[in-house]
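Peer 1: Mind looking over this structure? Questions follow.
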């Protein structure tokens with residue numbers, strides 16, 4: 014017994030003398046593309062996600078991916094962090110349902126969840142891309158859930174296709190009244206068909222029932238107005254739709270962005286009064302070159318610029334796809350580009366590509382880094 018006590022005492026003394034080698038210190042940098050374990054040493058499972066900063070804490074919401082399928086078997090997952098490097102699991106905040114016929118029945122598709130906080134109602138509002146079980150990607154709906162607590166549980170409210178019976182703000186009378194329909198085209202992707210898409214072919218087709226809503230994000234502007242930004246019109250055109258004051262419905266004010274441009278995976282931020290949006294092309298789970306759009310107003314016009322990625326594998330967005338752009342709290346003009354590196358054969362192993370957004374001639378620029386930390390923004394600000 015005395016010998017055991019002595020050994021224990023000796024261990025304590027040694028740990029006190031050399032705490033760095035014996036006591037885990039946690040992560041102090043980002044290593045894009047590498048496994049990212051949480052506080053329980055389990056790879057973070059929050060894909061296609063977004064982050065809410067609330068009460069001095071970051072909350073990362075994302076899809077819980079399974080071993081062999083990208084359909085929803087668990088639901089929307091959440092993690093919390095004080096420093097962005099180290100994350101604690103907060104569990105599943107919106108689980109799938111066991112009820113047959115539920116919108117969010119086990120086996121549906123729940124993608125790209127984003128949460129925003131409404132200061133007026135003091136509610137947390139969750140939007141996500143929803144596809145109904147057994148319907149492939151034909152439903153193209155948005156799901157909405159709410160909670161009084163940031164870490165849930167979130168109560169599922171409904172799903173819908175936005176802005177039924179409403180025309181976009183930037184669609185002309187000629188486009189609204191065109192007599193062209195899908196029946197007038199035996200083939201897609203012809204020049205005439207693409208022109209018809211540009212002129213609102215799918216808007217008119219879906220006018221009564223509501224517009225398609227797939228890859229999406231949420232954005233809250235400086236004035237508290239919130240916007241749902243989503244891939245619509247068979248993924249050929251982005252829509253930006255204004256949300257109601259409680260963030261639970263739509264005001265009916267929305268625009269089309271880059272009609273026929275075939276954009277998805279929108280991620281948006283605002284700097285010096287200007288709006289920046291990074292998207293991807295539509296190549297399924299395979300990566301492609303990112304796109305950059307800018308505007309002086311959320312309502313456009315939006316101008317497209319060259320790929321913001323530079324260097325090796327820039328044409329593949331470093332083998333990833335955008336999901337969110339995070340403003341770093343307490344740092345001026347500090348934004349993190351968040352993306353997923355998909356592994357469709359084993360979805361749970363998908364990794365994360367987080368890179369600092371730097372600026373060249375007033376436009377965002379993304380450069381690959383094997384490792385980096387938040388001090389890069391201090392150095393960048395010093396240069397500016």
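Residue numbers (my numbering): 14 to 397.
For glycine and all other residues, C-beta sits at the position ideal for the given N, C-alpha and C.
(1) Please specify which runs of the beta strand (DSSP E), each continuous and at least 3 residues long, are wholly inside the segment 235 to 289, giving them in chain order.
(2) Rounded to whole angstroms, what is the Cα-Cα separation between residue 92 and residue 351?
(3) Quick one: grab the DSSP three-state call for residue 345.
(4) Given a cut-off of 8 Å, decide if residue 142 and residue 124 are closer than it, judged by their beta-carbon atoms.
(5) Would you mind giving the Cβ-Cβ distance between residue 226 and residue 245, rounded to the nearest angstrom? I have them listed as a contact below 8 Å.
(6) Across which residues does DSSP place residue 435 in a beta bridge pair?
(7) Is it buried or exposed for residue 100, if we count other Cβ within 10 angstroms and need 16 for buried?
(8) What did DSSP end up calling residue 40 once you bin it into helix, strand or coil?
(9) Relative to the C-alpha of residue 338, which candidate in 98, 163, 149, 231 has its C-alpha closest?
(10) Helix, strand or coil: how does DSSP classify residue 202 here?
(11) Return the CA-CA distance between residue 387 and residue 82, expressed in angstroms with no decimal places.
(12) Under 7 Å Cβ to Cβ from residue 313, same chain only, skipping five residues before and after it: list those, please.
(13) Could you please give the first and the last residue of the uninterrupted beta strand (DSSP E) stretch that includes residue 189?
(14) Work out the CA separation of residue 49 and residue 304 for me, nearest whole Å.
(15) Please report the residue range of the alpha helix (DSSP H) in which residue 217 lies.
(16) Tell me whether the beta-carbon of residue 140 lies closer than 8 Å to the beta-carbon of residue 105.
(17) Would you give the residue range spanned by the beta strand (DSSP E) that residue 377 belongs to?
(18) Cα-Cα, which of 148, 220, 250 is closest to residue 272?
(19) Taking the beta strand (DSSP E) that residue 232 belongs to, which residues open and close that run?
(20) Pairing CB atoms from the segment 170 to 187 with CB atoms from the segment 273 to 292, are three or more of them under 8 Å?
(21) Do the segment 293 to 304 and the segment 202 to 219 make contact, defined as three or more Cβ pairs closer than 8 Å?
(22) Going by C-alpha distance, which of 240, 361, 265, 136 is nearest residue 403?
(23) When DSSP labels each residue in this structure, what does residue 174 get in the three-state scheme?
(24) Let me know if residue 377 comes out buried or exposed under the rule of 16 or more other beta-carbons within 10 Å of its beta-carbon.
(25) By the three-class DSSP mapping on this structure, what secondary structure does residue 390 have?
(26) Residues in the same chain with beta-carbon distance under 6 Å from residue 110, minus the five sequence neighbours each way, listed in chain order, please.
(27) With the cut-off set at 8 Å, would you say residue 60 and residue 327 are in Cβ contact?
(28) Using the Cβ count rule (16 or more neighbours within 10 Å means buried), how would you classify residue 175?
(29) Which residues share a DSSP beta bridge with residue 322?
(30) List the residues that DSSP assigns as beta-bridge partners of residue 74.
(31) Can you name the start and end residues of the beta strand (DSSP E) that residue 338 belongs to?
(32) Beta carbon of residue 46: closer than 7 Å to some heavy atom of the ligand FAD?
(33) Between the Cα of residue 247 and those of 214, 233, 221, spot the shortest distance and give me the residue it belongs to.
(34) Mind checking which residues open and close the beta strand (DSSP E) that includes residue 103?
(35) Identify every residue that forms a DSSP beta bridge with residue 372.
(36) Between the alpha carbons of residue 340 and residue 319, how many angstroms are there, rounded?
Peer 2: According to the data block:
(1) 239 to 245, 250 to 256, 263 to 270, 277 to 284
(2) Reading the chain shown from its first residue, position 79 is the one you call residue 92. Reading the chain shown from its first residue, position 338 is the one you call residue 351. Cα-Cα distance, rounded: 15 Å.
(3) Position 332 of the chain shown holds residue 345. If DSSP states are grouped into helix, strand and coil, residue 345 belongs with coil.
(4) Translated into the one-based positions of the chain shown, residue 124 becomes position 111. Translated into the one-based positions of the chain shown, residue 142 becomes position 129. Yes, Cβ-Cβ distance for residue 124 and residue 142 is below 8 Å.
(5) Here residue 226 is taken as the residue at index 213 of the chain shown, counted from 1. Here residue 245 is taken as the residue at index 232 of the chain shown, counted from 1. Indeed, because the Cβ distance is near 6 Å, the residues count as touching under 8 Å.
(6) Nothing about residue 435 can be read from this structure; the chain reaches only from 14 to 397.
(7) The sequence position of residue 100 within the chain shown is 87, counting from 1. Residue 100 comes out buried.
(8) Reading the chain shown from its first residue, position 27 is the one you call residue 40. Residue 40: coil per DSSP, three-state reduction.
(9) Translated into positions along the chain shown, residue 338 becomes position 325. Of the listed residues, the one whose Cα sits closest to residue 338 is 231.
(10) Position 189 of the chain shown, counted from the first residue, corresponds to residue 202. Three-state result, residue 202: coil.
(11) Position 374 of the chain shown, counted from the first residue, corresponds to residue 387. Position 69 of the chain shown, counted from the first residue, corresponds to residue 82. Between residue 387 and residue 82, the C-alpha separation is close to 34 Å.
(12) What you label residue 313 is simply residue 300 of the chain shown in a count that begins at 1. So the qualifying residues of the chain are 183, 268, 270.
(13) Within the chain shown, numbered from 1, the residue matching residue 189 stands at position 176. That residue, residue 189, is in no beta strand (DSSP E); its alpha helix (DSSP H) goes 186 to 190.
(14) If you number the chain shown from 1, residue 304 lands on position 291. If you number the chain shown from 1, residue 49 lands on position 36. C-alpha separation (whole angstroms): 27 Å.
(15) Position 204 of the chain shown holds residue 217. Its alpha helix (DSSP H) spans residues 214 to 218.
(16) Looking up residue 140 in the chain shown gives position 127. Looking up residue 105 in the chain shown gives position 92. No.
(17) Residue 377 sits at position 364 when you count from the first residue of the chain shown. From DSSP, the beta strand (DSSP E) with residue 377 extends over 376 to 380.
(18) Here the question's residue 272 lines up with position 259 in the chain shown. Considering only alpha carbons, the answer is 250.
(19) Taking the chain shown and counting its residues from 1, one reaches residue 232 at position 219. Segment 229 to 233, the beta strand (DSSP E) holding residue 232.
(20) no
(21) no
(22) Within the shown structure, residues of the chain are numbered from 14 to 397, placing residue 403 beyond reach of any answer.
(23) Translated into positions along the chain shown, residue 174 becomes position 161. It is coil, neither helix nor strand.
(24) Mapped onto the chain shown, residue 377 falls at position 364. So residue 377 counts as buried.
(25) What you label residue 390 is simply residue 377 of the chain shown in a count that begins at 1. Helix.
(26) Taking the first residue of the chain shown as position 1, residue 110 is located at position 97. Hits under 6 Å: 117, 118.
(27) Here the question's residue 60 lines up with position 47 in the chain shown. Here the question's residue 327 lines up with position 314 in the chain shown. Not a contact, by the Cβ cut-off of 8 Å.
(28) Residue mapping note: residue 175 aligns to position 162 of the chain shown, counting from 1. Buried, by the Cβ-count rule.
(29) Position 309 of the chain shown holds residue 322. DSSP output for residue 322 lists 379 as bridge partner(s).
(30) Residue mapping note: residue 74 aligns to position 61 of the chain shown, counting from 1. Answer is 63, 91.
(31) In the chain shown, counting from the first residue as 1, residue 338 sits at position 325. From DSSP, the beta strand (DSSP E) with residue 338 extends over 334 to 340.
(32) No copy of the ligand FAD appears in this structure; indeed no ligand is present at all.
(33) As a first step, residue 247 is located in the chain shown; it is residue number 234 there, counting from the start. The residue with the shortest Cα to Cα distance from residue 247 is 214.
(34) Counted from its first residue, the chain shown places residue 103 at position 90. Here the beta strand (DSSP E) through residue 103 covers 101 to 108.
(35) Along the chain shown, read from residue 1 onward, the residue named residue 372 stands at position 359. Answer is 377, bridged to residue 372.
(36) Taking the first residue of the chain shown as 1, we reach residue 340 at position 327. Taking the first residue of the chain shown as 1, we reach residue 319 at position 306. Each residue's alpha carbon lies about 22 Å from the other.
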